[in-house]
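Residue numbers (my numbering), protein chains in the order written: chain A, 7 to 332; chain B, -13 to 315.
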């Protein structure tokens, strides 16, 4: 077995507020192997982006890591002082955010932003960094990069800007990229291109990706493994084929049922009744119990833990019981 | 860019034209200048001769054209009260006002911006709270009161600084400066502080509000995610994005500082244009008032022009819009 690149152990992210402590991420454990694409999927507020922000050390205050560990190549990074964590950001863990229209500083040319990032993390001279920046732009498919390098963000289209953002995230070859909804803000026709580009570049550079999204299509397309999150917890995690074709957790089953399949005609999509509980109103026991159709008594009293079922891990009493009964 | 400057220049000329019209109208509304210039024993014939000599019998548009032509070359006629060329009086007084205004503007800028950045970055720090509270005082206390308090403490009680005047001055050709002598600099401290305090608090609060706004943006978050140093993020990326509104306000404020230095100049008996203007109002000295009006308008127009050009330097989005308009047009 390979040593995982990134390991998250029992991560808990809390927001102390005036009305009590909100737990945005609760007891999340996952790992990412070198070069692997882990999809993280879930509804808005499920804690996917928070997990990503916690890994890169950029939780917005007052959010904070309340428990757990984050290890990069076996080294703990969740408790590093700001300056040491800054050196890891960009250099070892890159990030791509949702909206390419606002991710770039409008007052600097894309070249200035690339060169600045490269020079922050390497010893390159300005000329070397500039050459590298041109290379990167051509790698992410920007036409005429020698000329476009001096253009400003507003002179690019949304898709092109996301390419620039990808170039910025990849510019010093980090080992891991946290891509937080990288295609959500883009036109549908551009989404596939950007995902394909991200996938190709990461394969070429051997970069692992944590792909945060709420789009199962993107996950099925790009991910090796997938983690399904619900109310700050992992409901199910496993190889993407396994999770998509044989979902175990009732929530995942519902999610898969809600994806339209084109050749099945006008059959109605299944729908999960209700909405995800607010952080202030998470029920006891399994957080999914108000919407679950197969609840048993235990679901309301005790919280299920992740247990191995086949190649996946699931947190659901149905599967836990099967295992303990067997 | 060039087309933009030309366009703005034309606008400026139009503004100045209307201001000149207003200044000219003042002469017509405030009675017959001849009455104020001559004694009671002057005969009607002599008065009439003086009117012709002064051009007051010419048609109005001729008089206005003459007025504008003179104003454009810096001539504003003769002061009723002092019987001297207004242009000479302004030349004597302007350096004092400009030095005071510019020093206090620089003071408010170089102290206000760092304080704004600091309070924006450390929103909950105790020093920020001290700054914010102090700035409330600065914004709410009237200028003359601060001036008088300063005089009381530093001139009367402690005797460190002079309470009035400009100190010793040095003649540099046409410019009489107080910046080169110790007593001149000492005399400048209190008026500059008094005049700049309000602007300082304004700039500090503006920079702080803008910083808070900018620090929330995605590109700042992304800049941090790229591992840039704090310094690069806070000053290179965040502060630069706050500059456009700061430049706007600072420019306008510089205009106001020059125009409304009157109160500060009065409190400190600063021999500048403000004091001259105040005396001119008391004595209905129209040529000085007209000259002052036109000059202040000129400062405002010039500063606004510079501010607009600075936008172009700071924000590339504006540059390109113009370039595009040219490319397609």
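Just so you know, even glycine gets a beta-carbon here, dropped at the ideal spot from N, CA and C.
Contact between the stretch 151 to 169 of chain A and the stretch 93 to 109 of chain A is defined here as three or more beta-carbon pairs at a separation below 8 Å; is this criterion met?
Segments in contact, yes.
Starting from the beta carbon of residue 301/B, find every residue of chain A whose beta carbon is closer than 8 Å, and list them in chain order.
112 and 113
Mapping DSSP to helix, strand and coil, what is residue 173/B?
Annotated three-state conformation of residue 173/B is helix, per DSSP.
So residue 244/B and residue 129/B are in contact, right, with Cβ under 8 Å, and what is the actual spacing, rounded?
Residue 244/B to residue 129/B, Cβ: 14 Å. No contact.
Taking only beta-carbon positions, decide if residue 212/B is within less than 8 Å of chain A.
yes
Using a C-beta cutoff of 8 Å, does residue 220/B count as contacting chain A?
no
Can you give me the C-alpha to C-alpha distance between residue 71/A and residue 305/B, rounded to a whole angstrom?
44 Å
Beta-carbon within less than 7 Å of residue 288/A's beta-carbon, same chain only, minus the 5 sequence neighbours each way: which residues are those?
237
Please say whether residue 319/A and residue 260/A have beta carbons closer to each other than 8 Å?
no
Expressed to the nearest angstrom, what Euclidean distance is found between the alpha-carbon atoms of residue 56/B and residue 266/B?
Roughly 20 Å between the two C-alpha positions.
Runs of 4 residues minimum, wholly inside the stretch 175 to 249 of chain A: which ones carry the alpha helix (DSSP H) assignment?
Whole alpha helix (DSSP H) segments, 4+ residues: 194 to 211 and 222 to 228.
Contact check, residue 178/B vs residue 121/B under 8 Å by CB: the rounded distance?
About 18 Å separates the two Cβ atoms, so there is no contact after all.
Residues in the same chain with beta-carbon distance under 7 Å from residue 166/B, minus the five sequence neighbours each way, listed in chain order, please.
156
Please say whether residue 22/A and residue 87/A have beta carbons closer to each other than 8 Å?
no
Buried or exposed: where does residue 18/B fall if 16 or more other Cβ atoms within 10 Å of its Cβ makes it buried?
exposed
Are there 16 or more other CB atoms within 10 angstroms of the CB of residue -13/B, so buried, or fewer, so exposed?
It is exposed - the Cβ of residue -13/B has fewer than 16 other Cβ atoms within 10 Å.
Does the beta-carbon of residue 162/A have 16 or more other beta-carbons within 10 angstroms, so that it is buried, or is it exposed?
buried
Is the separation between the beta-carbon of residue 81/B and that of residue 163/B shorter than 8 Å?
Closer than 8 Å, so yes.
Can you list the residues of chain B that residue 257/A reaches, using a CB-CB cut of under 9 Å?
By Cβ distance, chain B contributes nothing, its closest Cβ being about 30 Å from residue 257/A, past 9 Å.
Taking the DSSP output, what are the residues bridged to residue 140/A?
In the DSSP output, where bridge partners are listed per residue, residue 140/A has none listed.
Measuring straight from C-alpha to C-alpha, what distance separates residue 311/B and residue 52/B?
At residue 311/B the pLDDT is 42, less than 50, meaning the model places this residue with poor confidence; the figure from the coordinates comes in the next sentence. For residue 311/B and residue 52/B, the distance between alpha carbons rounds to 40 Å.
Would a check of beta-carbon distances place residue 115/B closer than 8 Å to chain A?
no
Could you name the residues of the same chain whose beta carbon sits closer than 7 Å to that of residue 280/B, not counting the 5 residues immediately before and after it, in chain order?
5, 6, 9 and 57
Taking C-beta pairs closer than 9 Å, name the residues in chain A that residue 215/B reaches, listed in chain order.
Result: 89, 92 and 126.
Taking CB distances under 8 Å as the criterion, tell me whether residue 269/B reaches chain A.
Not closer than 8 Å to any Cβ of chain A, the Cβ of residue 269/B fails to qualify, so no.
Take residue 134/B as the anchor and find which of 145/B, 29/B, 126/B and 149/B has the nearest alpha-carbon.
The shortest Cα separation from residue 134/B among 145/B, 29/B, 126/B and 149/B belongs to 149/B.
DSSP beta-bridge partners for residue 163/B?
156/B
Enumerate, from N- to C-terminal direction, the unbroken alpha helix (DSSP H) stretches of 4 or more residues contained entirely within the stretch 249 to 312 of chain A.
256 to 263 and 303 to 307
Please report the distance separating the alpha-carbon of residue 2/B from that of residue -6/B.
12 Å
Excluding the 5 residues flanking residue 32/A on each side, which residues of the same chain have their C-beta closer than 7 Å to its C-beta?
18, 238 and 239
Could you tell me the distance, in whole angstroms, from the CA atom of residue 316/B to the CA atom of residue 227/B?
Outside the displayed range of chain B (-13 to 315) lies residue 316/B, so it cannot be described from this structure.
Please list the partners that residue 294/B has in chain A, where partner means a Cβ-to-Cβ separation under 7 Å.
Ordered by position in chain A, no residue passes the 7 Å Cβ test against residue 294/B, which lies about 17 Å from the chain.
Quick check on the DSSP output: the alpha helix (DSSP H) that includes residue 294/B runs from which residue to which?
272 to 300
Please decide whether residue 122/A counts as near chain B, where near means a Cβ-Cβ distance under 8 Å.
Yes, because at least one Cβ of chain B sits closer than 8 Å to the Cβ of residue 122/A.
Using three-state DSSP, classify residue 326/A as helix, strand or coil.
helix
Keeping to the same chain, check which residues put their C-beta closer than 6 Å to that of residue 186/B; ignore five residues upstream and five downstream.
94, 97 and 98
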